[in-house]
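These notes concern the structure reproduced below.
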Amino acid sequence: LDPFPLGVGVGLRLRFRLWVRVSTMRAVVALGFGLGLGAEAFAAPKRATGVGAATKLHAVWSNPQAVEDYQAYLNGVEEVVAKDQPSVFVGGADMKVAQGLAAFGRGDDVVLNSIAQVPAQVGGKSEFPIYACVAPGEMEALINACPEEKRDDLIILQRGEMMEPMLKRYGLCGKKNTQAICYFDFHPISGKPIDYIVDLGTDVQGNPKYASETTVTGKWAGAMLERLQRNEMHCDAIGYYEWRREMIQRNLFEVIFSLVGALHQGSTAGEVGDFYKDEVEDMWRSFNRCIRGHLAVTMLYGVEERFWAMADSSRRNGAPTMKVDDPELWPWFHGYWMGVDELYAKKLGGSCIPVWREYFDYGIEKGIFKDPRGPEMRQAA
């Protein structure tokens with residue numbers, strides 16, 4: 021029951037839905053007392069006790085990183101932190117990032133436009149980082165062309181694309197594989213580096229808080245960390261499970277802000293953060309329930325605060341807002357969640373991210389954007 025049009029007054033819509041639920045509960049209670057039912061009819065059922073009483077177990081998702089680190093400490097296993105060294109940078113159609121990161125080196129890096137040209141040694145070492153600086157649509161071809169013995173040396177640079185399913189097929193999505201979420205760019209003309217970092221002050225323990233901070237995990241995390249920090253760019257090397265949260269947060273930022281913005285005359289991410297916070301929060305809550313079950317991830321407190329900071333950073337640095345129906349980005353953002361939603365719809369008969377689906381279907385219906393899926397996929401859905 022929702023008499024309000026989509027995309028208008030989401031806060032009012034939520035208050036109306038709450039009023040309906042409360043009014044319904046009151047009506048049921050009043051009807052019960054009218055029929056002579058006592059208060060015990062509405063009390064919570066008593067818990068069974070004694071031998072043989074049923075016990076309901078609730079799954080709790082926890083982060084095993086702390087346990088694994090403590091076990092390594094007890095066993096005397098020290099983590100080897102990689103240092104920056106002569107590296108290979110592979111670009112694709114756009115060489116800007118590859119050339120920019122190589123410029124952060126000491127002049128002994130190798131920049132290539134094809135990984136098939138990767139040398140056996142760089143700087144006299146047979147083991148070295150290989151930065152994959154290509155568009156998401158080019159990443160799988162790069163992996164296939166990479167010599168198998170060099171795949172563990174890849175640093176997969178990402179900007180929130182949900183590459184997890186694809187990387188798992190190649191065994192490149194584990195704790196030792198190096199992946200990075202990048203919040204930096206290079207000016208297309210001057211080549212000057214642009215850092216999207218936002219300082220959010222300190223947390224309750226006095227530790228610094230950031231949004232839009234580049235994070236890296238895996239074998240060569242230390243090497244990328246050193247290279248960026250040496251050039252006064254913010255970066256943090258973190259464990260895989262924590263990094264996975266960062267990746268999902270960036271993905272959902274792009275998905276939510278692009279969709280809400282599209283339904284408001286193509287508003288940018290910065291404008292969405294200024295004027296449509298209630299709609300962003302509504303959609304984020306819908307996604308949050310989904311990712312707990314589907315991805316076994318519980319996000320850390322303060323997602324909304326980081327979202328607003330990321331939106332402001334996007335505006336200040338002139339970062340473009342993603343198009344919902346961009347065919348090159350669709351599989352990694354909205355297309356991924358479309359697949360998740362349709363999977364659950366077939367099994368459970370309903371959407372697992374209803375707010376996102378409502379907005380997406382409305383945009384298609386009104387011709388705001390096109391459905392990138394082919395006719396066969398739309399018919400199957």
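Numbering (our numbering), first residue to last: 21 to 401. Even glycine gets a Cβ: it sits at the ideal position worked out from N, Cα and C.
On a Cα-Cα basis, can you pick out the residue from the options that is closest to residue i?
i: LEU279; options: ILE311, LYS343, ALA257; result: LYS343
i: ASN274; options: GLN249, LYS212, GLU181; result: Sequence check: residue 274 is Glu here, not Asn. For the residues GLN249, LYS212, GLU181, the minimum Cα distance to GLU274 belongs to GLU181.
i: LEU177; options: PHE148, ALA241, TYR216, TYR190; result: ALA241
i: LEU349; options: GLY157, GLY338, ARG326; result: GLY157
i: GLU184; options: PRO392, ASP173, MET159; result: MET159
i: ASP128; options: ALA136, SER134, ALA140, GLY144; result: GLY144
i: GLY194; options: ARG171, LYS367, ARG179, TYR216; result: ARG171
i: ALA365; options: TYR216, ILE258, CYS310; result: CYS310
i: ARG179; options: ALA165, TYR216, ASP173; result: TYR216
Measure the alpha-carbon distance for residue i versus residue j and round it to whole angstroms.
i: MET115; j: CYS153; result: 8 Å
i: ALA64; j: ASP332; result: Per-residue confidence for ALA64 stands at a pLDDT of 44, beneath the threshold of 50, marking its modelled position as unreliable; the derived number appears in the next sentence. C-alpha separation (whole angstroms): 47 Å.
i: GLY369; j: LEU272; result: 24 Å
i: GLY120; j: ALA155; result: 15 Å
i: THR237; j: ASP294; result: 32 Å
i: GLU291; j: GLY281; result: 8 Å
i: ASN227; j: TYR321; result: 15 Å
i: ARG377; j: MET303; result: 10 Å
i: ASN251; j: PHE124; result: 6 Å
i: GLY383; j: GLY313; result: 27 Å
i: GLU324; j: PHE389; result: 26 Å
i: GLY338; j: ALA289; result: 10 Å
i: PRO347; j: THR341; result: 14 Å
i: ARG189; j: ARG305; result: 30 Å
i: GLU16; j: ALA329; result: The structure shown does not extend to residue 16, since the chain is modelled only from 21 to 401, so the question has no answer here.
i: ALA61; j: TYR203; result: With a pLDDT of 49 at ALA61, under the threshold of 50, the modelled position of that residue is not reliable, and the figure given next carries that caveat. Cα to Cα, ALA61 sits roughly 56 Å from TYR203.
i: SER287; j: VAL218; result: 22 Å
i: LYS239; j: PRO167; result: 18 Å
i: PHE327; j: SER334; result: 10 Å
Determine whether the beta carbon atoms of residue i and residue j lie at a separation below 8 Å.
i: PHE307; j: ILE373; result: yes
i: HIS254; j: GLU233; result: yes
i: PRO213; j: ILE175; result: no
i: ILE163; j: ARG270; result: no
i: TYR230; j: LEU245; result: no
i: ALA140; j: SER146; result: yes
i: ASP256; j: THR222; result: no
i: ASP345; j: PRO392; result: yes
i: VAL130; j: VAL142; result: yes
i: ILE268; j: LEU315; result: yes
Please classify residue i: is it buried, with 16 or more other beta-carbons within 10 angstroms of its beta-carbon, or exposed?
i: LEU283; result: buried
i: GLU98; result: Unreliable placement is indicated for GLU98, whose pLDDT of 49 sits below 50; the coordinate value is still reported in the next sentence. Looking at its Cβ environment, which holds fewer than 16 other Cβ atoms inside 10 Å, GLU98 is exposed.
i: GLY112; result: buried
i: LYS103; result: exposed
i: LEU1; result: This structure cannot settle anything about residue 1, because the visible part of the chain is limited to 21 through 401.
i: GLY387; result: exposed
i: ALA243; result: buried
i: SER371; result: buried
i: ASP381; result: exposed
Original post:
Can you list the alpha helix (DSSP H) stretches of 4 or more residues lying completely in the stretch 129-198, in chain order?
Top reply: 156-165, 184-189
**OP:** Only counting runs of 3 or more residues, tell me where the beta strand (DSSP E) segments fall wholly within the stretch 251-284, in order along the chain.
**Re:** With a minimum length of 3 residues, there is no unbroken run of beta strand (DSSP E) contained wholly in the stretch 251-284.
**OP:** Would you mind listing the alpha helix (DSSP H) stretches within the stretch 298-367 that are 4+ residues and don't spill past its ends, in chain order?
**Re:** 323-336
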